[in-house]
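**Q** One point on numbering: in this note's numbering, the residue at position 688 of the sequence shown is 688, and numbering is uninterrupted.
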Amino acid sequence: MREPAPPTAPTLLPRVVLAAPSTGQGKTTISTGLMAALRARGLEVSGHKVGPDYIDPGYHALATGRPGRNLDPHLVGEERITPLLLHGARGADVAVVEGVMGLHDGRIGADGFASTAHVAKLTRTPVVLVVDIARMSRSVGAVVAGMAAYDAGVDVVGVILNRAGSARNVAEVERSLRLPVLGVVPRDDTIASPSRHLGLVPAGERYESAEVVTRLGEQVGRHVDLDAVLELARRAPDLTDTAWDPTREVRRLEGDSPVVAVAGGRAFTFAYAETEELLRAAGCTVVPFDPLRDRALPDGTRALLLGGGFPEMHVQQLARNRALLDQVRDAVAAGLPTVAECAGLLYLLDDLDGASMAGVIPTGATMSRRLTLRYPEAIAAGDNLLTRAGERVPGHEFHRTTLTAPARGWAPAWEVDGELIGAATPTLHASYLHTHWAGHPTMAERFALAASRATPVTAPASPPSLVPHPMPDDEVVDPLLHHGDVETGQGLVDFAVNVHPETRPPWLEEALRQGIEHSTTYPDVTPARAAIADLHHRRPDEVLVTAGAAEAFELIARWKPWRRPVVVHPQFTEPHAALERAGHEVTVVSCPPEDGFRLDADAVPEDADLVFVGNPTNPTGVLHPAEEILKLRRPKRVVVVDEAFMDAVVDAGQSLSADRRRGLLVVRSLTKHWSIPGIRAGYILGNDRAIAGLAAKQVPWSVSSPAVAAALACSSTEASLEAARRAERIEQWRAGLIAALEQRGYEVVGSETSFVLARLGRGTRQALREHGVAVRRADTFPGLDGEWVRIAVRPPETTAELLRALDGVRAGAPAALGA
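Now the structure itself:
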């Protein structure tokens, strides 16, 4: 039960709201940057967001080092807005509140209720307008004057001009304004926040988020008058409300403290900080876990909270963690108190986009073109874990998945706008609806009480990470056709496949979607051919778009009756296999380990008329000097350079993609760097006569419409910038991996790309599988043996799992297993 707040003295809290005339003006960029810049000055900053949005507060948390908070009168009631602001800002020197949509835009049909203006008035906070002036000059003055005068109760005190261009235009805009200009921030697309189908990509899903926020802080610190902003914030009147306190909102349990497992990680990033605070106030022990990586629920789990996020972006990795899915299914079926909102609901279904999920609720879901967005007051459909029949609870829905069929046989959780949604029992509450428990703390209290009465989940008989995983046959039938995907499996952390681990950029997703839409007609590679040519400073007739590098190798193998084809090994085995399929006898030239697996052009036989060499080479990661490769050129000899992994190299100065000399072909692939192995997109670069000869061997329409769309999109300026950023992150991740392996005494080859070759010792690969980690065997590459493995470069948190498994192997393995 909520206790009355004790009387309190007026609170002085410097504060400012950043609002805008409309969505898309740059509020999140400027707000997050302002928070980071003020923190860099040594101030304690509290970040807040108007509305139900989960994503922006994640960036605020990175900028401030404190939990991001939401201020939403619809979700929590007008009376709680100022108390929640004071609660979130305890001990802060200044509070920065980011608005939502346009300043006066609120709940539809409610005359501005829950708008930024509404929150500014409730909290008596001065407003600074952020205005994008990229396409306006004097009209900015009219817009700002109208915004400031529209509601006398809203105190608009200044303007920050965003995405500014020329000095002349800025001067024209400034002359049109009657309010102080607190900053002029130039356009910088390199630090813009990437978007997804529901808005920005969550900070928790972006490995470079902290770096982006730091750069935003530096940008705002340079171009905004922080002293002027602070001066305006300090003019905000004192507040007389009492700070919200979770201990006054719920009754505390008697007895022990039940463990509530709360899903987190990259797939479950949506959460209000007050939810965990209420559960702790009720006497629960809140333990986070990551459904992407953890093999079991936390020890002693007596309740499960599955919040929101983007499971659809991580569905395959979620599906591979079968041990956890099975444990969740059995625990929920046995009565484990479970709350699942939106993403959590999807996790409990039979399947999501065809991938198997927990199988608790007997239906599936799939991505939809239609965005479901509503801001209703829901009515509890019956008595269940969280609610009692007829209770009214405000919430919001925001998703682009839809159930493939109703969950028949299950009682609904809510009635929303006359529609029955979700599934509920005395121990389960699952639906698409998001709620804020600070606005209805009884739900937190009921959940905690159910947890106190529940039986702890029984741990698996043996730790899932130690359950042996079936190995592919140790004797590989055809080593040249062995690929890393054979090494992976359900429940294994994948270091075997070189596909980039981050989600595809929104612009690429959109391109693929359009490619599928246009697949009703035969594909036309002409636009992609022109874009690739422009990217590499070549002519379109010097480009052949292919169905991945594999088709390129096959075309080259069948192009001419080669007399003595040579493959420089160790390298990707597909060119060698393609040559043998075409009936050629292959000569192998080896790069020995004692030379660091580096190319020696003089080792290639003089009579070779075709030479394949990888650069950087798979699986060693060695980047050969371009001048050494060019030494291979001879009259009537074709040199093929496989640059499939060149996009992952920070300094691509050794690439030969723009070299137009005769007898030189460069093969590129989009598969790995852009995470599209199922699309099969690549291309060959060479002189016009060679490309025409190869094109004559190509099957008509071998390149699909989605592959054409991908090739076109990945050749854009936007793609080049993102490719470079990805390469920089890979370089950082790789440096950490190599340092950790060398610190443990392992020999590691000096890689320049997205994988490393390491000598872990015979048997280590198999032992790692028993610890839940898959690495790529290297003994199928000519010139390597079972001492070696290839390890894909992954982010630090994933690399930590490899290192833990490796340490476990070493601790329990015979001495002979060492390096």
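We put the beta carbon where it would ideally sit given N, CA and C, even for glycine. All of these numbers come straight from a predicted model, not from anything done at the bench.
Roughly how many whole angstroms lie between the Cα atoms of Trp414 and Glu747?
**A** Start at 1 with the first residue of the sequence shown, and residue 414 comes out as number 414. Start at 1 with the first residue of the sequence shown, and residue 747 comes out as number 747. Rounded to the nearest angstrom, the two C-alpha atoms are 59 Å apart.
**Q** Could you tell me if Val588 is buried or exposed, where buried requires 16 or more neighbouring beta carbons within 10 angstroms of its beta carbon?
**A** Translated into positions along the sequence shown, residue 588 becomes position 588. Around the CB of Val588, fewer than 16 other CB atoms lie within 10 Å, so the residue is classed as exposed.
**Q** According to the Cβ coordinates, are Ala389 and Trp410 closer than 8 Å?
**A** Position 389 of the sequence shown holds residue 389. Position 410 of the sequence shown holds residue 410. The answer is no: Cβ separation not under 8 Å.
**Q** At a cut of 8 Å, does the region 90-98 reach the region 43-62 through at least three beta carbon pairs?
**A** yes
**Q** Could you check if Leu13 is buried or exposed, using at least 16 other CB atoms within 10 Å of its CB as the buried criterion?
**A** Taking the sequence shown and counting its residues from 1, one reaches residue 13 at position 13. Using a 10 angstroms sphere on the CB of Leu13, the tally of other CB atoms reaches 16 or more, which defines it as buried.
**Q** How far does the alpha helix (DSSP H) with Gly88 in it reach, from first residue to last?
**A** Within the sequence shown, numbered from 1, the residue matching residue 88 stands at position 88. Start and end: Ile81 to Gly88.
**Q** So His536 and Leu685 are supposed to be a Cβ contact under 8 Å. How far apart are they, rounded?
**A** Here residue 536 refers to the residue found at position 536 of the sequence shown. Here residue 685 refers to the residue found at position 685 of the sequence shown. Sure, about 6 Å apart at Cβ, within 8 Å.
**Q** Does Leu278 pass the burial test, meaning 16 or more other C-beta atoms within 10 Å, or should it be called exposed?
**A** As a position in the sequence shown, residue 278 is number 278, starting the count at 1. Leu278 should be labelled buried.
**Q** Is the closest heavy atom of the ligand FMN to the C-beta of Leu305 under 7 Å?
**A** The ligand FMN is absent from the structure shown, which contains no ligand whatsoever.
**Q** Just mark Arg769 as buried or exposed, buried being the case when its beta carbon has 16 or more other beta carbons within 10 Å.
**A** For the purposes of this step, residue 769 is identified with residue 769 of the sequence shown, where counting begins at 1. Looking at its Cβ environment, which holds 16 or more other Cβ atoms inside 10 Å, Arg769 is buried.
**Q** Quick test of your reading: Val213 and Ala36, contact by CB under 8 Å. State the CB separation rounded to the nearest angstrom.
**A** Walking along the sequence shown from the start, residue 213 turns up at place 213. Walking along the sequence shown from the start, residue 36 turns up at place 36. At roughly 5 Å, the Cβ-Cβ gap stays under 8 Å, so Val213 and Ala36 are in contact.
**Q** Is DSSP giving Glu98 helix, strand or coil here?
**A** Position 98 of the sequence shown, counted from the first residue, corresponds to residue 98. In the structure shown, Glu98 sits in a strand (DSSP, three-state: E or B).
**Q** Would you mind listing the beta strand (DSSP E) stretches within the region 549-589 that are 3+ residues and don't spill past its ends, in chain order?
**A** Complete beta strand (DSSP E) runs here, min 3: 565-569.
**Q** In angstroms with no decimal places, state the Cα-to-Cα distance between Asp807 and Glu742.
**A** Counted from its first residue, the sequence shown places residue 807 at position 807. Counted from its first residue, the sequence shown places residue 742 at position 742. Their Cα atoms are separated by approximately 13 Å.
**Q** Do you know how far the Cα of Val16 is from the Cα of His118?
**A** In the sequence shown, counting from the first residue as 1, residue 118 sits at position 118. In the sequence shown, counting from the first residue as 1, residue 16 sits at position 16. Answer to the nearest angstrom: the Cα atoms are 14 Å apart.
**Q** Pick out whichever of Glu249, Leu403, Leu182 and Pro258 has its Cα sitting closest to the Cα of His223.
**A** Sequence index remark: in the sequence shown, residue 223 carries index 223 (1-based). Taking only the C-alpha atoms, the option nearest His223 is Leu182.
**Q** Does the Cβ-Cβ distance between Ala690 and Leu665 come in under 8 Å?
**A** Taking the sequence shown and counting its residues from 1, the one referred to as residue 690 is at position 690. Taking the sequence shown and counting its residues from 1, the one referred to as residue 665 is at position 665. Result yes, Cβ atoms of Ala690 and Leu665 sit closer than 8 Å.
**Q** Using the C-alpha atoms, what's the distance from Leu403 back to Met850?
**A** A question about residue 850 goes unanswered here, because the residues of the chain that appear run from 1 up to 819.
**Q** Measure the alpha-carbon distance for Ala114 versus His673 and round it to whole angstroms.
**A** Position 114 of the sequence shown holds residue 114. Position 673 of the sequence shown holds residue 673. For Ala114 and His673, the distance between alpha carbons rounds to 43 Å.
**Q** Rounded to whole angstroms, what is the Cα-Cα separation between Leu85 and Thr363?
**A** Walking along the sequence shown from the start, residue 85 turns up at place 85. Walking along the sequence shown from the start, residue 363 turns up at place 363. Approximately 40 Å between the Cα atoms of the pair.
**Q** Since I believe Leu122 is in contact with Thr64 (beta carbons under 8 Å), could you give me their beta-carbon distance rounded to a whole number of angstroms?
**A** Translated into the one-based positions of the sequence shown, residue 64 becomes position 64. Translated into the one-based positions of the sequence shown, residue 122 becomes position 122. The pair is not a contact, with the Cβ atoms about 22 Å apart (cut-off 8 Å).
**Q** In the structure shown, what three-state DSSP assignment does Arg744 receive?
**A** In the sequence shown, counting from the first residue as 1, residue 744 sits at position 744. If DSSP states are grouped into helix, strand and coil, Arg744 belongs with coil.
**Q** Taking the alpha helix (DSSP H) that Pro506 belongs to, which residues open and close that run?
**A** Stepping through the sequence shown from its first residue, residue 506 is reached at position 506. First-last of the alpha helix (DSSP H) with Pro506: Pro506 to Glu517.
**Q** Of all the options Asp647, Glu249 and Ala243, which has the alpha carbon lying nearest to the alpha carbon of Ala719?
**A** Indexing the sequence shown from 1 puts residue 719 at position 719. Of Asp647, Glu249 and Ala243, the residue nearest in Cα terms is Asp647.
**Q** Leaving out the 5 sequence neighbours to the left and right, which residues in its chain are closer than 6 Å to Ala228 when beta-carbon positions are compared?
**A** Reading the sequence shown from its first residue, position 228 is the one you call residue 228. Once the five neighbours on either side are set aside, the close Cβ partners of Ala228 are Leu182.
**Q** Can you tell me the Cα-Cα spacing of Val789 and Asp294, whole angstroms?
**A** Here residue 789 refers to the residue found at position 789 of the sequence shown. Here residue 294 refers to the residue found at position 294 of the sequence shown. Those two C-alpha atoms are separated by around 24 Å.
**Q** Would you call the region 308-318 in contact with the region 328-338, where contact means no fewer than 3 C-beta pairs closer than 8 Å?
**A** Counting Cβ pairs under 8 Å, fewer than three are found: no touch.
**Q** DSSP on Ala692, reduced to helix/strand/coil?
**A** Against the sequence shown, residue 692 aligns to sequence position 692. Note: Ala692 maps to helix in three-state DSSP.
**Q** If you measure between the beta carbons of Ala267 and Pro311, is that distance less than 8 Å?
**A** Here residue 267 refers to the residue found at position 267 when the sequence shown is read from its first residue. Here residue 311 refers to the residue found at position 311 when the sequence shown is read from its first residue. Going by C-beta atoms, Ala267 is nearer than 8 Å to Pro311.
**Q** So is Ile679 buried or exposed if we call it buried at 16+ other beta carbons inside 10 Å?
**A** Stepping through the sequence shown from its first residue, residue 679 is reached at position 679. Counting C-beta atoms within 10 angstroms of its own C-beta, Ile679 has 16 or more neighbours from the protein chains shown and is therefore classed as buried.
**Q** Taking its Cβ as the centre, do 16 or more other Cβ atoms sit within 10 Å of Gly515, making it buried, or is it exposed?
**A** Position 515 of the sequence shown, counted from the start, is the residue given in the question as residue 515. That one is buried.
**Q** If you run the structure through DSSP and keep just helix, strand and coil, what is Leu43?
**A** In the sequence shown, counting from the first residue as 1, residue 43 sits at position 43. It is coil, neither helix nor strand.
**Q** To which residues of the same chain is Arg539 closer than 8 Å at the C-beta, ignoring the five residues directly before and after it?
**A** For this step, residue 539 is matched to residue 539 along the sequence shown. Around Arg539: Ala533 and Asp688.
**Q** Among all the DSSP beta bridges, which residues are the ones paired with Trp414?
**A** For the purposes of this step, residue 414 is identified with residue 414 of the sequence shown, where counting begins at 1. Looking at the DSSP assignment, Trp414 forms a beta bridge with Ala380 and Ile421.
**Q** Does the Cβ-Cβ distance between Ala844 and Ile379 come in under 8 Å?
**A** The question about residue 844 has no answer here: the residues shown for the chain are numbered 1 through 819.
**Q** Return the bridge partner residues of His434 from the DSSP annotation.
**A** One-based indexing of the sequence shown puts residue 434 at position 434. Beta-bridge partners of His434 (DSSP): His396.
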